[in-house]
Amino acid sequence: MNAQQIMESDNFKRCEAFHGHVCGGLAIGYVAATAGLAWLREKRALDEELVAIVETDACCVDAVQVLTGCTFGKGNLIYRDYGKMGFTFFNRRTGQGVRLAMKPDTFRVNERQIDLFRKTREGSITDVEKAELKALGMQRTVEVLGTRAEDLFSMTPVTAGMPDKARIEPSTPCSRCGEPTMASKLEMVEGAMVCRGCLV
Ligand SMILES: [Zn+2]
Ligand SMILES: [Zn+2]
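Sequential numbering of the sequence shown, starting at 59, is according to our numbering.
This is how it looks when you write it as structure tokens:
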């Protein structure tokens, strides 16, 4: 499929609907998840026990969630705050999986886009610039979707350990705000158990 055909496909449209817009990041997640699932399918390691580990919390993760069905709530989407375009997909039962990591110099940072994102945050972006930003995002999306996964990512087979399943444990009230909190997430401060929300 070429970029245009991908953008018109049901799978991409589902990612777009979930994420709220089309952008290069979403396209990166689309390519990573599609390639990861294909790898697992080929190794017959794809079933309901799929787990995804993402090393970023950017736009791309929305495509990963839609395409793999891995979510925080189910405990099979694991976030590691590494600030990297790294994605691991594996079978929880066998541990068999693959890690995709974006190759260096695959894409150069577009300074204009960064500048326009800053203006968006500051609320100073004009309508003309909004259209420009949208066009830049679309250009990037077409670029990414038109690149083969193996050119975009290094793909390494991995044997991943089992992550903790979503745990259910009794709650204890925080000594400051009184809100029930998972006991293991409370911290002892001056002899009292305090939640992380009250620590910041
Ligand atoms: Zn986005
Ligand atoms: Zn608290």
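Even for Gly, the Cβ is constructed at its ideal location relative to N, Cα and C.
ask   = Do the segment 139-153 and the segment 95-113 make contact, defined as three or more Cβ pairs closer than 8 Å?
value = yes
request  = State the start and end residues of the unbroken beta strand (DSSP E) segment that holds N149.
outcome  = Locating residue 149 in the sequence shown gives position 91, counting from the first residue. Looking at the DSSP string, the run of the beta strand (DSSP E) that includes N149 is G144 to N149.
ask   = Which residues mark the beginning and the end of the alpha helix (DSSP H) in which V80 is found?
value = Taking the first residue of the sequence shown as position 1, residue 80 is located at position 22. Segment: none, V80 is in no alpha helix (DSSP H) and carries neither H nor E.
request  = Please write down, chain order preserved, every residue whose beta carbon lies under 6 Å from a heavy atom of ligand 1.
outcome  = H77, H79, C81, G83, L84 and C117
request  = Within its chain, find whatever has a CB closer than 7 Å to the CB of T152; leave out the 5 residues flanking it on each side and keep chain order.
outcome  = Residue 152 sits at position 94 when you count from the first residue of the sequence shown. Here the set comprises A103.
inquiry  = Mapping the DSSP letters down to three states, classify G155 as helix, strand or coil.
reply    = Taking the first residue of the sequence shown as position 1, residue 155 is located at position 97. Here G155 sits in strand by DSSP.
Nearest residue (CA-CA) to R170, options D163, G195, K161 and L158 = To locate residue 170, count along the sequence shown from 1; it is residue 112. That would be G195, whose Cα lies nearest to the Cα of R170.
message = For V216, report the span of its beta strand (DSSP E) as first-last.
response = One-based indexing of the sequence shown puts residue 216 at position 158. Per DSSP, V216 belongs to the beta strand (DSSP E) from F211 to T217.
inquiry  = Do C253 and E227 count as a contact pair if the criterion is CB distance below 8 Å?
reply    = Stepping through the sequence shown from its first residue, residue 227 is reached at position 169. Stepping through the sequence shown from its first residue, residue 253 is reached at position 195. Cβ atoms of E227 and C253: not closer than 8 Å.
query = Start and end of the alpha helix (DSSP H) containing A61?
reply = For this step, residue 61 is matched to residue 3 along the sequence shown. Here the alpha helix (DSSP H) through A61 covers A61 to E66.
query = Which partner residues of M246 appear in the DSSP bridge assignment?
reply = Mapped onto the sequence shown, residue 246 falls at position 188. Looking at the DSSP assignment, M246 forms a beta bridge with M251.
query = In chain order, what are the residues with a CB under 7 Å from some non-hydrogen atom of ligand 2?
reply = C232, R234, C235, E237, T239, V252, C253, G255 and C256
Three-state secondary structure assigned by DSSP to Y140 = Taking the first residue of the sequence shown as position 1, residue 140 is located at position 82. Correct three-state label for Y140: coil.
ask   = Taking the alpha-carbon positions, what's the A159 to I64 distance?
value = Position 101 of the sequence shown holds residue 159. Position 6 of the sequence shown holds residue 64. The straight-line gap from Cα to Cα measures roughly 22 Å.
ask   = Starting from I111 and walking both ways along the beta strand (DSSP E), at which residues does that stretch end?
value = Here the question's residue 111 lines up with position 53 in the sequence shown. I111 -> beta strand (DSSP E) spans L108 to V112.
query = Helix, strand or coil for L104 per DSSP?
reply = Within the sequence shown, the letter at position 46 stands for residue 104. Note: L104 maps to coil in three-state DSSP.
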